Amino acid sequence: MHIGFIGLGNMGSAMAANLLAAGHEVTAYNRSQHKVDALAAKGARPARTVAEASRAEVVVTMLADDAAVEAVSFGADGIVESLGPDALHVSSSTISLALAERLTAAHADAGQRFVSAPVFGRPEAAAAAKLFVVAAGAADDLTELAPVFEAVGQRTFVMGSEPKAANLVKMSGNFLIASVIESLGEAMALVTKGGVDAGEYLDLLTSTLFDAPVYRTYGGLVASREFEPAGFAATGGLKDVRLALEAGEGLQVPLPIASLLRDRFLTLLATGGGHLDWSAISALSARDAGGPGPVA
Ligand code: NAP
Numbered sequence: 034m035h036i037g038f039i040g041l042g043n044m045g046s047a048m049a050a051n052l053l054a055a056g057h058e059v060t061a062y063n064r065s066q067h068k069v070d071a072l073a074a075k076g077a078r079p080a081r082t083v084a085e086a087s088r089a090e091v092v093v094t095m096l097a098d099d100a101a102v103e104a105v106s107f108g109a110d111g112i113v114e115s116l117g118p119d120a121l122h123v124s125s126s127t128i129s130l131a132l133a134e135r136l137t138a139a140h141a142d143a144g145q146r147f148v149s150a151p152v153f154g155r156p157e158a159a160a161a162a163k164l165f166v167v168a169a170g171a172a173d174d175l176t177e178l179a180p181v182f183e184a185v186g187q188r189t190f191v192m193g194s195e196p197k198a199a200n201l202v203k204m205s206g207n208f209l210i211a212s213v214i215e216s217l218g219e220a221m222a223l224v225t226k227g228g229v230d231a232g233e234y235l236d237l238l239t240s241t242l243f244d245a246p247v248y249r250t251y252g253g254l255v256a257s258r259e260f261e262p263a264g265f266a267a268t269g270g271l272k273d274v275r276l277a278l279e280a281g282e283g284l285q286v287p288l289p290i291a292s293l294l295r296d297r298f299l300t301l302l303a304t305g306g307g308h309l310d311w312s313a314i315s316a317l318s319a320r321d322a323g324g325p326g327p328v329a
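Positions in the sequence shown are counted from 1; adding 33 to them yields our numbering.
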């Protein structure tokens, strides 16, 4: 398949490399050109503009946030203007329900197709093609895209025919992960201040009732305080909690824990930790208990 790939950050560069490895023809674009050059060395065709990358059967976007997706999708030489009739835009970024709705409508008006396919998994999982893809859109479009999803992930979950449903599921999942990070931080602060070794405590958790990837991955980061380099930056964590709160407001679903998490991320950003991994909110509990905070 000829795929245009837009957004070669921590996640996108690995996903695009896996599409190439699976034998797809990839034309790649990134705002900072040096990341395109790195992928071109692996066989991608470099694109100097969004419009150039959009001359494909499928264009995948994997960008930071709503503002980035809007910047490449709309306006002169954007994806909507440049994509051919009947071609597909697959949005894998974690974006708002409002933007997913806007993209669905804009592509339909232009005689094109739109699918939301955000992913679960950190950059290591993206590199190993082990992401979990959460996809929503027309059934025929999802069938056509199966080779794309198979190249980047280990399993695809279909959430129905309305693209925005996949975005809702993705933000709900990140809300759950952030809740686990916060509660792990609190529990870890408690036991370590009481003299228990963090590594031994984590071994107990993950060998018993908490034997799940989220506890293993984030428990390791919380216990070791390895917050740099960020696999997913705290600024992104704040974005995703905000997206969940926004969705909750729209659907009239109170999310009191998400409100608390929003304040935790704001505190981390306000104290110079925006660049740290989002798991660094866990160290706020240690700091509140008189120990070291997230920023060294
Ligand atoms: P990242 O490393 O920060 O990369 C962000 C990408 O967006 C870069 O290609 C960046 O271009 C581009 N970008 C940012 N603002 C832009 C703008 N205004 N116009 C055009 N391009 C812009 O982020 P990431 O970790 O790959 O995450 C990408 C998406 O996946 C996000 O929505 C994130 O929430 C989601 N996600 C992340 C993870 C994770 O663990 N990291 C896991 C699952 C989902 P430059 O290179 O020029 O800055």
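Backbone N, C-alpha and C fix where the C-beta goes; we use that ideal spot for every residue, glycine too. None of the values given here were measured: they were computed from a predicted structure.
(1) Using DSSP with H/G/I as helix, E/B as strand and the rest coil, what is valine 328?
(2) Cα separation between isoleucine 314 and serine 87?
(3) Would alanine 55 pass as a contact of alanine 77 if the rule is Cβ separation under 8 angstroms?
(4) Give the C-beta separation of serine 182 and alanine 150 to the nearest angstrom, bearing in mind that I take them to be a contact with Cβ-Cβ under 8 angstroms.
(5) Residues in its own chain within less than 6 angstroms of asparagine 207 by CB, not counting five upstream and five downstream?
(6) Helix or strand or just coil, what does DSSP make of glycine 186?
(7) Could you pull out every residue in the same chain whose Cβ sits closer than 6 angstroms to the Cβ of phenylalanine 38, ignoring the five residues on either side in sequence?
(8) Apart from the five residues just before and just after asparagine 63, which ones in its own chain have a Cβ nearer than 6 angstroms to its Cβ?
(9) DSSP state of glutamate 58, grouped into three classes?
(10) Between which two residues does the alpha helix (DSSP H) harbouring leucine 301 extend?
(11) Any chance the CB of valine 247 is under 7 angstroms from a heavy atom of ligand 1?
(12) Can you give me the start and stop residues for the alpha helix (DSSP H) that leucine 72 sits inside?
(13) Buried or exposed: which applies to histidine 67, given that a residue is buried once 16 or more other Cβ atoms fall within 10 Å of its Cβ?
(14) Cβ-heavy atom distance between arginine 295 and ligand 1 below 7 angstroms?
Per the coordinate set shown:
(1) coil
(2) 38 angstroms
(3) no
(4) The question names serine, yet the displayed sequence has phenylalanine at residue 182. Between alanine 150 and phenylalanine 182 the Cβ distance is about 7 angstroms, and since that is below 8 angstroms, they are a contact.
(5) Asp273
(6) strand
(7) Ala49, Val59, Ala61 and Val93
(8) Leu41 and Val69
(9) strand
(10) 289 to 303
(11) no
(12) 66 to 73
(13) exposed
(14) no
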